[in-house]
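Undergrad: Provided herewith is a single structure, encoded as structure tokens, for subsequent inquiry.
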Amino acid sequence: AANGAFAAVDLGASSGRVILGRPADGKLALEEVHRFENRPVRVHGTLHWDILALYRGVLDGLRAAGISAGTAPGDLASVGIDSWGVDYGLLDADGALLGNPVHYRDARTEGMAAEIDKLLPARELYAHTGLQHLPINTLYQLAAARGSRQLSAAHRMLLTPDLISYWLTGLGGTETTIASTTQLIDPGTRDWSRPVAEAAGIDLSLFWPLRSPGDAAGTLLPGVLAETGLEGPVPVTAVGAHDTASAVAGVPATGDRFAYIATGTWSLAGVELSSPVRTEESRLANFTNELGVDGTVRYLRNIMGLWLLQECLRTWRAEGGPHDLEALLEGAARMPGLRSVIDAGSPEFLAPDRMPERIAAACRRTDQPVPRDPAETVRCVLDSLALAHRQAVFDARRLSGQEVEAVHVVGGGARSALLCRLTADACGLPVVAGPVEAAAYGNVLVQARTAGVVNGPLEALRGLVRESLRLRQYAPAGDQAAWERAAARVREHGKETPCA
Ligand code: LRH
């Protein structure tokens, strides 16, 4: 391997993968060398991540990456790590992990927004951080942990990808894109918001210094080399450590007139900006300003995403019902559209369990036909997701002034022709679908640029993604008025929606 291979560790809420990227001839070839499940565990009522199982998956993946990259030192040029947002582990003064990280879907954050609101009104909080109100935000998790012995004993706090990086290298750091999911960062200065930390009583010295995508993050420890069979030195490079930041970097767009929808467990739908939008209108529309690579701002809204389907499937499987997603999607594609729609942005769907029942209840409450079978439920979910995509794209455009000529769907949802077609129809805009592994593309390209193997600004990196795969295009069709009526149905009932 002339220029070496770069390993992207990409940890999602339902699976982790290690993907090897080899840039050559103006293209980037990706090879998935290892994939492993991410299965949360409930212990005494609290939902945790099985973080050591994930770390083992990372080690197994690095071993596989080394074997695939070649045997000479330097064949594995670097490693970069990205993961889902908001969650963290605490270290004691000896660097040992204090307990298993808690899952953002755990119920401990209930009522915490009201607690924080007493200390710092939502309006001010938004003016400082520009983050949408989501119960999962680190700020609310820390509020829930406040006064616990564990938090009191903590010497350091590491967000998930930084924790993995710390275990691999022995060095600490806080990558800015993942830090921006905490609700403790000011997206204008791209630094900690001291006023927010002070008001919320959070000690910022828990965090190691900030670092940016492209910065060096250490080298694999001798013990890690021994365990993975790799020959050192293998550098670790900070990438967009938030998976969504890496995914947006990997969007194969031309120019800047595009919206993106990063689909997976969540749908993250919005536009890329050069500075944050923190107007009151933006706050009320629940838009977030997270940080992206190369000084960009990811102006987007969190939508429940494929989580709704994953959870339905989990329930149906447990009940001995249907479990073939492909067959269900085929069935759903034949159903009449827009019979019932739910608010796919609502936190009422955040918690796990009994999803088909909760979807049915939402339809009943809003006087819409209740889905009668799994295929109808799947159709309801996909229509609802497409509708939420439309609302987010339209709102992002209106609130930021950013023009949008095409919508890029990346991540797992790009595989579903039905979801992409419905999204194109709902937005009345062409949808460009792919890559599924956008986060891995973004992750590898930032590493490769640091290594001097590829050059240029984000736009050039995106050009490389475009050259590397066949993208699918979906032209919008159908009746915009029908989507507008469906949107009105959701809006009308929005006020009655119970919050998680
Ligand atoms: C998607 C994601 C999203 C966050 C959520 C916690 O994987 O990172 O951007 O809001 O997980």
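Its first residue numbered 10, the sequence shown is counted upward by one per residue in the UniProt record's numbering. Using N, Cα and C, we set each Cβ at its ideal position, and we do this for glycine too. Since the structure is predicted, the reported quantities are computational estimates derived from the model, not experimental observations.
Between the segment 135-153 and the segment 291-310, can you find at least three pairs of beta-carbon atoms closer than 8 Å?
TA: Short answer: they touch.
Undergrad: Note down the Cα distance separating Ala254 from Arg307, rounded to an integer number of angstroms.
TA: Using only the alpha carbons, I get a separation of about 8 Å.
Undergrad: Can you name, in chain order, every residue of its own chain whose Cβ lies under 8 Å from the Cβ of Asp59, other than the five neighbours on each side?
TA: Correct list, in chain order: Asn47, Arg48, Pro49, Val50, Asn109.
Undergrad: If I measure Cβ to Cβ from Gly273 and keep anything under 6 Å in the same chain, skipping five residues before and after, which residues do I get?
TA: Counting only Cβ-Cβ distances below 6 Å, and skipping sequence neighbours, we find Gly21, Gly420, Gly421.
Undergrad: Report whether the distance from the Cβ of Tyr175 to the nearest heavy atom of ligand 1 is below 7 Å.
TA: For ligand 1, not one heavy atom lies less than 7 Å from the Cβ of Tyr175.
Undergrad: Spell out a yes or no on whether the segment 175-183 and the segment 321-339 are touching, meaning 3 or more CB-CB pairs, one atom from each, closer than 8 Å.
TA: The answer is no - the segment 321-339 does not touch the segment 175-183, with fewer than three Cβ pairs under 8 Å.
Undergrad: Pick out whichever of Ala369, Arg348, Leu347, Gln192 has its Cα sitting closest to the Cα of Glu357.
TA: Ranking Ala369, Arg348, Leu347, Gln192 by Cα distance to Glu357 puts Ala369 first.
Undergrad: Tyr113: beta carbon under 7 Å from a heavy atom of ligand 1?
TA: Yes, ligand 1 has a heavy atom inside 7 Å of this Cβ.
Undergrad: Could you give the distance in angstroms between the alpha-carbon of Ala496 and the alpha-carbon of Leu391?
TA: Their backbone Cα atoms lie some 14 Å apart in a straight line.
Undergrad: Following a CB-centred definition, is Leu282 positioned closer than 7 Å to any heavy atom of ligand 1?
TA: Because no heavy atom of ligand 1 lies under 7 Å away, the Cβ of Leu282 does not count as near it: no.
Undergrad: Val95: beta carbon under 7 Å from a heavy atom of ligand 1?
TA: Result yes, Cβ under 7 Å from ligand 1.
Undergrad: For my contact list, Glu236 and Leu396 are in at a C-beta cut-off of 8 Å; report their separation, rounded to the angstrom.
TA: Contact doesn't hold; Cβ gap of about 47 Å is too wide.
Undergrad: Taking only three categories from DSSP, how would you classify Trp93?
TA: Note: Trp93 maps to coil in three-state DSSP.
Undergrad: With three or more C-beta pairs closer than 8 Å as the rule, is the segment 261-276 touching the segment 110-122?
TA: No: fewer than three Cβ pairs fall under 8 Å.
Undergrad: Is the beta carbon of Val286 sitting closer than 8 Å to the one on Leu128?
TA: No.
Undergrad: Please tell me whether Val18 and Val88 are closer than 8 Å, where the distance is taken between their beta carbons.
TA: Going by C-beta atoms, Val18 is nearer than 8 Å to Val88.
Undergrad: With burial defined as no fewer than 16 other Cβ atoms inside 10 Å of the residue's Cβ, what is the status of Thr305: buried or exposed?
TA: With 16 or more Cβ atoms within 10 Å of its Cβ, Thr305 is classed as buried.
Undergrad: Within the same chain, show all residues whose beta-carbon is closer than 6 Å to that of Asp404, passing over the 5 residues directly before and after it, in chain order.
TA: Answer for Asp404: Ala294, listed in chain order.
Undergrad: Tell me which same chain residues have a C-beta within less than 8 Å of the C-beta of Arg165, skipping the five on either side of it?
TA: Excluding residues within five positions, the ones whose Cβ falls inside 8 Å are Leu99, Leu100, Gly104, Gly181, Leu215, Phe216, Trp217.
Undergrad: Does the beta carbon of His251 fall short of 7 Å from some heavy atom of ligand 1?
TA: Under cutoff, so the answer is yes.
Undergrad: Determine, using beta-carbon pairs with one atom in the segment 233-253 and one in the segment 373-385, whether at least three such pairs fall under 8 Å.
TA: No: the two stretches stay apart, fewer than three of their Cβ pairs being nearer than 8 Å.
Undergrad: Can you tell me the Cβ-Cβ gap for Pro222 and Gly249, rounded? I've got them flagged as a contact below 8 Å.
TA: Sure, about 5 Å apart at Cβ, within 8 Å.
Undergrad: Buried or exposed for Gly35, please, with buried defined as at least 16 other CB atoms from any protein chain shown within 10 angstroms of its CB.
TA: It counts as exposed.
Undergrad: Pull up the CB-CB distance for residue 6 and Cys429, whole angstroms please, since I reckon it's below 8 Å.
TA: The requested residue 6 does not occur in the structure, where the chain is confined to residues 10 to 509.
Undergrad: On the DSSP letters alone, give me the boundaries of the alpha helix (DSSP H) that Asp434 sits inside.
TA: Looking at the DSSP string, the run of the alpha helix (DSSP H) that includes Asp434 is 426-436.
Undergrad: Rounded to the nearest angstrom, what separates Ala460 and Tyr97 at their Cα positions?
TA: If you take the alpha carbons of Ala460 and Tyr97, they lie about 29 Å apart.
Undergrad: Confirm, please, whether the CB-CB distance from Met121 to Ala163 is below 8 Å.
TA: For Ala163 and Met121, no; Cβs fall outside 8 Å.
Undergrad: Report buried or exposed for Val52, applying the criterion of at least 16 other Cβ atoms within 10 angstroms of its Cβ.
TA: Counting Cβ neighbours within 10 Å, Val52 comes out exposed, since fewer than 16 surround it.
Undergrad: Could you tell me how far apart the beta carbons of residue 538 and Val440 are, in whole angstroms, since I believe they sit closer than 8 Å?
TA: Outside the displayed range of the chain (10 to 509) lies residue 538, so it cannot be described from this structure.
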